[in-house]
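Colleague: One structure, as structure tokens, below. Some questions next.
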Amino acid sequence: MAGSPSGRTTGSSSTAVAWSSAPPTSSRSTACSSPPSSAGATRRGRAPPTSTSTSPRSSSPRAPHRRPVTRGHPRTTATAAHPTSRDPRRHEHTDLRKTETMSLPPARRTVRATTLGVLVATAALLAGACSAPTPDPIARQEAAPNETIDPAQPCVREPASTGGAEQPASGDVSASFVAATNTIELRSGTGVSLPALADAVGNDNALRQVGEGEWELRADISVINGASLHVAAPEVRWLKLVSEEGKIASLKPLGQGSGLQIDGSCITSWDIATSTADTNQDDGRGYILARDGAVMNIDNAEIRYLGNGDVESYGLSWRTEGTTGSITNSVSSHNYFGLYSYEVGGLVVADNEFHDNSLYGVDPHTGSHDMTIERNVVHDNGKHGIILAEDCVDSVIRDNIVYRNNHHGIVLYLNSDRNTIEGNDTFANVAQGININESNDNIIRGNRVYDNKESGIGITQTSKNNLVEDNQARGNAQDGVRVVSEAAQTTLRANTLGENGRYGVYVDIDGDVDIAGNTIFANRSGIMLKGSAIVPDGDNSIFNNAEDAIVND
């Protein structure tokens, strides 16, 4: 991105605002010098005003009307760069190209598509002094090219040895093979290793070693009655869950007190006919599932080519209340879901990579709560990167890098309330960087949301009382922040919204929205207000937008 220009042309004219009676005085009211524009209002056939000077054009190579920018949330004025041509779509917009400064009481105003509504909206959004330093260019993450995985050799990490050399005491191991259900049942024993389980069962057609550190499972393993299984490198470097017609292998810790620990191992599906991981998810693939109060912890592992669309067979899943666990320092790729949970509390998802999964990278679902999802890299998944869906509450999505997903980057959906999304980089996603949909009382804070193919941050449907604070939304194809439908009582505070293809802020709701202390610059237009909204006053700095500072439609 180009550096800041050394100088800037300015003019001295400003727009006068007529009132039927003198407005209340304010110590913050300040007259500003700003670059006027030669293009004026065209709403309802109104003639454009004349002007004598124009603002310099941006030298940024990324977009024709963008300026490089410095971080800061100064208090307020609105100026606009002079466009080279008129946009025919703007005949319904009221033009606020010149700086407008006025004193208003700190009362809420109803913004409507009228001249008075425009004036009130402008005063509410532009109260304060004239200070507008240009924010620094955003430091973009460098997205690496996507990794190519060979299904014949899907385990690409160096073999780990995080605990396999010294297995904990197993106690009395009780295990057997149940032919009727093609299931190995581990009924007792703590931290039982996979080789110890194979010895106890004694059935090579169900579980056998096929090479150094390589094992093949052709049955389900059910860990029940409080027993626990430990799958760990170097003894188990690669565990292949065989997918055969009518026989799908799985690992399932089931029931209160039962457990599965995976340390340093690679676990994949396996197709005997092709001698590769099973790349066809439509006819069933091996999977890993913890449920009914079990604990499953995974560390330094690879989980690949697992799962399909059948319930409980999504790939890697934690299900039902009381079930919990963690996945850390691991890779989950080419699965149906990278991770799925249902009604689970306290799940920790940290320092992992989720990529190339058929649907979602990380999908805590119905009733999952009190989760920590942090420091993960989530990319190139078939739909959303991270989604909390249906009553997922009281969780934190923090310091993740989320990019190139085939829809939104991070989503809160359907009553996923009281969550915090903070410190994430979400960029280059096919839709929005962050999307809040029918979810309430969430905090979206300190995120860097850029170069997404729709808007940066979207608040939509019946979402209420969400705080969007101190984020950077830069270089998105549509709007920096988009608030639509019935998303009332939204607060946009101290955000830096610049270089977006359309508006810094787009609002189309009937209800409250608080837009205060934001820096809005180098967009096509600063703020679009549609319909009817109640906007309190608030010290925004709106400048160097290519067309209008504020559009009221």
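If you count the sequence shown from 1, position 162 lands on 176 in this note's numbering, and the numbers rise without skipping.
We put the CB at the ideal spot given by N, CA and C, even for glycine.
1. Near I473, which residues of its chain fall below 6 Å by C-beta distance, leaving aside the five closest residues on each side in sequence?
2. Give me, in chain order, the residues of the same chain whose beta-carbon lies closer than 7 Å to that of L265; leave out the 5 immediate sequence neighbours on both sides.
3. Is it true that the stretch 186-195 meets the stretch 442-460, where meeting means three or more beta-carbon pairs spaced less than 8 Å apart?
4. Starting from the N-terminal side, write out each stretch of the alpha helix (DSSP H) that is 4 residues or longer and does not extend beyond the stretch 310-349.
5. In terms of residues, what are the limits of the alpha helix (DSSP H) holding A210?
6. Please classify R305: is it buried, with 16 or more other beta-carbons within 10 angstroms of its beta-carbon, or exposed?
7. DSSP state of D465, grouped into three classes?
8. When burial is assigned at 16 or more other CB atoms within 10 Å of the CB, is Q446 buried or exposed?
9. Could you check the C-alpha separation between S283 and S289 for me, to the nearest Å?
10. Consult DSSP for T195 and reduce its assignment to one of helix, strand or coil.
11. Excluding the 5 residues preceding and the 5 following H383 in the sequence, name in chain order all residues of the same chain whose CB lies nearer than 7 Å to its CB.
12. Would a check of beta-carbon distances place A491 closer than 7 Å to chain C?
13. Could you tell me which residues DSSP puts in a beta bridge with S355?
14. In whole angstroms, give me the CA-to-CA distance for S257 and I163.
15. Per DSSP, which residues does R496 bridge with? Please list them.
16. Would you report the Cα separation of Q608 and Y356, rounded to the nearest angstrom?
17. D439 by DSSP, collapsed to three states: which one?
18. So, with DSSP's three-state summary, where would you put D384?
19. If you draw a straight line from the alpha carbon of N532 to that of G518, how long is it in whole angstroms?
20. When DSSP builds the beta bridges, which residues end up paired with C280?
21. Is Q167 helix, strand or coil by DSSP?
22. Using the Cβ count rule (16 or more neighbours within 10 Å means buried), how would you classify N554?
23. Comparing C-alpha positions only, which one of Y427, K254, T380 sits nearest to D285?
24. Taking 8 Å as the limit between beta carbons, can you name the residues of its chain near N602, skipping five residues before and five after?
25. Round the Cβ separation of D465 and F441 to the nearest angstrom and send it over; I've been treating them as touching at under 8 Å.
26. In angstroms with no decimal places, state the Cα-to-Cα distance between I529 and I556.
27. With a Cβ-Cβ cutoff of 7 Å, do I411 and I448 count as a contact?
28. Are L268 and G300 closer than 7 Å when you measure CB to CB?
29. Tell me V187's beta-bridge partners as DSSP assigns them.
30. What is the DSSP secondary structure of Q155, counted as helix, strand or coil?
31. Cβ of I341 within 7 Å of Cβ of N322?
32. Quick one: using the 10 Å Cβ neighbour count with 16 as the cut-off for buried, is K478 buried or exposed?
33. Measuring straight from C-alpha to C-alpha, what distance separates R171 and E316?
34. Under the rule that 16 or more other beta-carbon atoms within 10 Å means buried, what is A287, buried or exposed?
35. Which value, in whole angstroms, describes the spacing of the CA atoms of V482 and D439?
36. Using 7 Å as the threshold, is the C-beta distance between I152 and Q492 below it?
Modeller: According to the data block:
1. I450, N480, V497, A501, T504
2. I235, L274, I302
3. no
4. none
5. 208-215
6. buried
7. coil
8. buried
9. 11 Å
10. helix
11. G359, C406, V407, D408, S409
12. Chain labels in this structure do not include chain C; a single protein chain is all it has.
13. W332, P378
14. 19 Å
15. G472, Y520
16. What is shown of the chain runs 15 to 567, which leaves residue 608 out entirely.
17. strand
18. coil
19. 10 Å
20. W252, E316
21. strand
22. buried
23. K254
24. Here the chain covers residues 15 to 567 and nothing more, so residue 602 does not appear.
25. 5 Å
26. 12 Å
27. no
28. no
29. The partner list for V187 (beta bridge, DSSP) is empty, contrary to what the question assumes.
30. coil
31. no
32. buried
33. 8 Å
34. exposed
35. 15 Å
36. no
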